[in-house]
Amino acid sequence: MLAIKIIFQLLFTLLFRRKKLPETIDKIDIQLTQKVSDAERLKTVSLLNKIFGTRIVRWIMEFFLCKASKGEFIEINNADFIKRYQRYIPETDERISWTNWANTQKSQPLKYYIPGNGPHVKVIETYQQLGDYDFKGLKEIQGIVTDAEEKGLRVRCVASGHSLSDIAVTGDFMISTKKMTRPQRRANQPYIKEKFRNGYTSYIHKDTQVIPEKRYLFETGAGTLLEDLKQILEKEGLAFANMGGSDVQGFMGAASTSTHGSGIGLKPFPDMIASMVLVGSHGKAYRLEPADGITDPSVYAASEEYQTHGIELIQDDDLFYSSTVSMGCFGVIFSVVIEVVDFYYLKEERIPGTWEEERQKLASLGLNYIRKNRHFELAVNPYPVNDKGELDKVNGKRYCIVTTRNIIPKPAAKQDNTSSEKRNFLSSLASGLYFVGSISVFLFNKKPANIPRSISSSLKRIVDCDKQGGGYSDKYYNVLNQGLLEMKFFGYASEMAFTMQDDTYLKAIDKILDESVRMAEEYGQYNPSPIAIRFTDDSHSYLSMMHNMAACSIEVVSLKGFIGGENFQRRIEREMIAFNGRPHWGLHLESLSFDRIEKLYPKLPVWLQAYKKFNQSRVFNNSFTDRTGISAVLGQQEAFLE
Ligand SMILES: Cc1cc2nc3c(=O)[nH]c(=O)nc-3n(C[C@H](O)[C@H](O)[C@H](O)COP(=O)(O)OP(=O)(O)OC[C@H]3O[C@@H](n4cnc5c(N)ncnc54)[C@H](O)[C@@H]3O)c2cc1C
């Protein structure tokens with residue numbers, strides 16, 4: 001009944017009152033949020049999404065919307081986004097045109113390779129047959145590298161292409177890592193030290209406590225997608241210790257930029273790596289490990305890996321911790337042995353609050369407050385909103401959601417799936433109506449002053465905790481996945497990490513919030529998303545954003561097509577220089593100077609020594625190394641090729 005009423009309201013507006021479309025969407029939003037129960041809202045939204053998902057209805061809506069927008073083309077069909085997301089460009093002799101997922105970077109490489117002999121889809125179905133090491137694939141890569149060197153060209157890996165920055169871009173030889181999905185096996189080869197072969201206890205230092213944790217080693221092809229790997233691990237009774245909000249990345253694509261989740265006791269992806277096989281310049285292959293690595297050098301010296309395939313074992317802290325976050329600049333990482341944990345379940349609560357209260361708790365209790373939960377993160381409306389839903393610096397409060405997640409025993413029965421569906425700000429924009437993804441950009445552009453209220457309403461819709469809704473319990477990866485649904489196609493983000501050794505991170509957040517309000521008040525420039533605040537343990541990797549510091553990462557999300565969104569993010573990135581913010585290697589827009597990288601990363605000189613060793617021939621440089629001045633370290637600065 002409600003669905004019919006909403007369709008009628010929309011049709012009437014599109015036919016006779018197009019100018020009033022923003023108000024109508026607002027009214028629909030209020031009806032769905034405030035006038036009906038959660039269950040009825042989700043049922044209605046699901047029905048409407050089905051109806052609006054049909055091609056004919058989409059065409060009709062697009063036709064009237066384009067008329068309403070007077071020349072601006074509004075497309076509510078997200079098939080193109082989905083195609084790009086699922087895209088797999090097969091190997092071809094023809095030239096290809098590559099774009100990253102967000103369509104912010106383009107490459108037209110001279111050659112496009114997909115080396116490796118693993119499957120690129122449904123790896124889970126055949127993983128038990130993928131136990132053997134893919135020496136043939138390794139050789140292919142060595143050949144591509146030496147061929148490029150002979151021709152004076154460059155080589156760059158691309159995994160899922162989910163980085164917003166230009167780190168995967170190349171105009172020369174592009175290597176897709178999609179078929180680098182072998183081996184998939186427990187790491188218990190004879191050269192692995194006995195004590196690591198069948199699980200071992202690792203001791204984690206937390207404050208004054210030493211906590212034992214059971215760990216296992218698993219070897220995987222570096223191109224394996226996280227969504228495949230999490231399922232393979234599950235079949236083995238294993239799990240990642242933590243994940244980010246999405247699982248679309250390749251394993252080494254994620255680790256290379258220090259992708260992370262939230263949890264002050266949990267390290268980012270690169271810290272899972274115990275050993276890796278890297279093809280460096282001149283096609284030389286290395287097995288890299290820290291000084292006290294998992295491999296027994298004397299046994300390894302007699303192994304097929306070394307004797308037949310010449311993979312040289314290097315156990316050296318500086319070379320290893322430089323390579324785990326090397327953004328494709330050291331070569332092609334072919335396989336990794338990762339540390340994983342026993343499979344687990346999580347319970348998530350999304351608790352309503354205000355930034356004013358949360359800031360006070362963080363300032364007075366600091367890390368102790370965050371440590372109370374295994375995972376802790378915040379989504380904060382940057383705009384203080386009063387009871388009337390207006391931006392109000394004096395009487396308004398910044399609404400926020402505190403998300404906590406903790407390990408629980410396996411839940412008795414599967415919950416209804418409503419909790420898993422309404423878990424992200426984006427997926428609850430305009431009540432979660434999927435067609436509103438495109439329309440909301442149009443509406444926000446037309447009525448930006450509605451943004452503060454709209455953010456609060458969307459956040460209120462995802463509340464789910466013991467007191468309200470019961471929370472969400474499931475397999476760890478379902479809980480950690482942010483439930484972006486189709487809405488992931490409309491957002492893009494920029495992120496910076498700050499030290500938690502003092503209150504710098506709080507000052508950085510204050511600045512972002514102040515700047516958000518100032519831009520809104522002085523120029524009508526809003527940003528259509530909450531600020532996401534996550535916490536991570538320090539990383540061993542020398543160029544991880546979390547290196548040597550427990551970190552607070554602050555993410556500013558915008559919507560594709562939102563006017564001024566990118567400029568707003570760039571402005572915030574520039575403002576954060578004063579707070580020594582370390583930009584996420586995959587999620588930044590502003591260029592980084594060599595001096596700035598040097599200031600932010602004390603271990604840069606050591607990292608550069610490793611870069612010189614593995615990239616002697618400069619074959620792994622690209623526009624990212626050129627613009628940051630990293631290429632120049634190897635001597636002559638090359639022409640900007642990309
Ligand atoms: C929807 C979405 C959600 C995200 N969520 C999070 C999050 O929760 N937390 C977070 O920290 N970040 C997040 N990010 C950022 C993302 O995780 C990083 O940008 C990540 O690097 C992208 O992984 P990818 O597989 O797409 O790698 P790509 O972008 O393809 O490549 C990244 C880098 O890795 C290099 N590389 C890839 N494979 C290899 C290899 N085998 N050998 C050597 N170098 C290699 C590439 O050359 C490139 O330099 C998200 C991004 C998106 C679009």
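Going by full-length UniProt numbering, the first residue of the sequence shown is number 1, and it counts up by one from there. Glycine included, C-beta positions come from ideal geometry on N, C-alpha and C.
Buried or exposed (CB count within 10 angstroms, at least 16 for buried), residue i
i: valine 380; result: buried
i: phenylalanine 63; result: exposed
i: lysine 50; result: exposed
i: leucine 365; result: exposed
i: serine 544; result: buried
i: aspartate 466; result: exposed
i: histidine 584; result: buried
i: proline 384; result: buried
i: serine 593; result: exposed
i: aspartate 387; result: exposed
i: glutamine 482; result: buried
i: aspartate 93; result: exposed
i: glutamate 348; result: buried
i: valine 394; result: exposed
i: glutamate 377; result: buried
i: isoleucine 311; result: buried
i: asparagine 615; result: buried
i: residue 648; result: Lying before the first or after the last residue shown, residue 648 is absent from the chain, which here runs from 1 to 642.
C-alpha distance - residue i paired with residue j, whole-angstrom precision
i: aspartate 510; j: proline 528; result: 18 Å
i: isoleucine 577; j: arginine 287; result: 37 Å
i: isoleucine 191; j: lysine 612; result: Looking at the sequence shown, residue 191 is not isoleucine but tyrosine. Cα to Cα, the separation comes out at about 29 Å.
i: phenylalanine 173; j: proline 109; result: 6 Å
i: isoleucine 338; j: glutamate 289; result: 11 Å
i: leucine 11; j: threonine 44; result: 17 Å
i: arginine 185; j: glutamine 128; result: 8 Å
i: glutamate 565; j: alanine 222; result: Checking the displayed sequence, the identity of residue 565 turns out to be glycine instead of glutamate. Using only the alpha carbons, I get a separation of about 34 Å.
i: arginine 371; j: aspartate 537; result: 11 Å
i: threonine 224; j: lysine 27; result: 45 Å
i: leucine 226; j: phenylalanine 16; result: 48 Å
i: serine 37; j: aspartate 292; result: 58 Å
i: glutamine 142; j: arginine 374; result: 42 Å
i: residue 706; j: tyrosine 113; result: Absent from the model: residue 706. The displayed extent of the chain is 1 to 642, so no value can be given.
i: serine 553; j: serine 256; result: 17 Å
i: isoleucine 124; j: asparagine 242; result: 20 Å
i: histidine 301; j: leucine 600; result: Residue identity differs from the one stated: residue 301 is alanine in this sequence, not histidine. If you take the alpha carbons of alanine 301 and leucine 600, they lie about 39 Å apart.
i: leucine 485; j: glutamate 304; result: Because the pLDDT at leucine 485 is just 48, under 50, the model does not fix this residue reliably, and the point stays unresolved.
Distance between beta carbons of residue j and residue i, contact taken as under 8 Å
i: histidine 260; j: lysine 178; result: So it is not a contact: roughly 23 Å between Cβ atoms.
i: lysine 214; j: glycine 237; result: Their Cβ separation, rounded to whole angstroms, is 11 Å, which puts lysine 214 and glycine 237 out of contact at 8 Å.
i: isoleucine 451; j: phenylalanine 442; result: So it is not a contact: roughly 13 Å between Cβ atoms.
i: histidine 540; j: lysine 603; result: Histidine 540 to lysine 603, Cβ: 10 Å. No contact.
i: residue 657; j: phenylalanine 135; result: Missing from the structure shown is residue 657; the chain here goes from 1 to 642 and no further.
i: proline 183; j: leucine 138; result: About 11 Å separates the two Cβ atoms, so there is no contact after all.
i: phenylalanine 320; j: valine 279; result: Actually they are not in contact, since the Cβ atoms of phenylalanine 320 and valine 279 sit about 16 Å apart, beyond 8 Å.
i: leucine 572; j: isoleucine 512; result: Looking at the sequence provided, one finds isoleucine at residue 572 rather than leucine. Yes, they are in contact, since the Cβ atoms of isoleucine 572 and isoleucine 512 sit about 6 Å apart, within 8 Å.
i: methionine 115; j: isoleucine 175; result: One point to set straight first is that residue 115 is proline, not methionine, in the sequence displayed. Proline 115 to isoleucine 175, Cβ: 6 Å. Contact.
i: phenylalanine 535; j: isoleucine 144; result: Their Cβ separation, rounded to whole angstroms, is 40 Å, which puts phenylalanine 535 and isoleucine 144 out of contact at 8 Å.
i: alanine 497; j: valine 557; result: In fact, because the Cβ distance is near 16 Å, the residues do not count as touching under 8 Å.
Beta-carbon proximity list for residue i, same chain, < 6 Å, skipping 5 on both sides
i: threonine 104; result: Leu164
i: methionine 272; result: Ile338 and Glu339
i: isoleucine 455; result: Asn381 and Pro530
i: residue 683; result: No answer is possible for residue 683: it lies beyond the span of the chain, which begins at 1 and ends at 642.
i: isoleucine 204; result: Ile211 and Glu213
i: isoleucine 351; result: Val402 and Cys465
Sequence-distant residues of its chain with Cβ nearer than 7 Å to residue i (five each side left out)
i: aspartate 296; result: Tyr191 and Lys193
i: threonine 126; result: Pro119
i: valine 57; result: Ile51
i: isoleucine 597; result: Leu604 and Thr628
i: glutamate 521; result: none
Neighbourhood of residue i by C-beta, 8 Å cutoff - its chain only, sequence neighbours within 5 removed
i: asparagine 188; result: Arg197, Asn198 and Leu217
i: lysine 20; result: Thr13
i: glutamine 9; result: Thr24, Lys27 and Ile28
i: lysine 361; result: Tyr369
Residue i: CB within 7 Å of a non-hydrogen atom of ligand 3
i: isoleucine 211; result: Absence of ligand 3 from the depicted structure is noted, with ligand 1 being the only ligands included.
Q: Decide yes or no for the touch test of the region 500–517 against the region 569–589: beta carbon pairs closer than 8 Å, at least 3 of them.
A: Three or more Cβ pairs drawn from the region 500–517 and the region 569–589 lie within less than 8 Å of each other, which places the two stretches in contact.
Q. Is the region 400–415 touching the region 457–477 in the sense that three or more CB pairs, one from each, lie closer than 8 Å?
A. Enough Cβ pairs lie closer than 8 Å, so yes.
Q: Indicate whether the contact test is met: 3 or more Cβ pairs, each with one atom in the region 89–102 and one in the region 149–157, closer than 8 Å.
A: The region 89–102, when compared against the region 149–157, does not touch it at the 8 Å Cβ threshold.
Q | the region 392–401 touching the region 348–360, judged by at least three CB pairs closer than 8 Å | A | Under the three-pair Cβ rule at 8 Å, the region 392–401 counts as touching the region 348–360.
Q.
Does the region 321–332 come into contact with the region 614–629, if we say contact requires no fewer than three beta-carbon pairs (one atom in each stretch) closer than 8 Å?
A. Because the criterion of three Cβ pairs below 8 Å is met, the region 321–332 and the region 614–629 touch.
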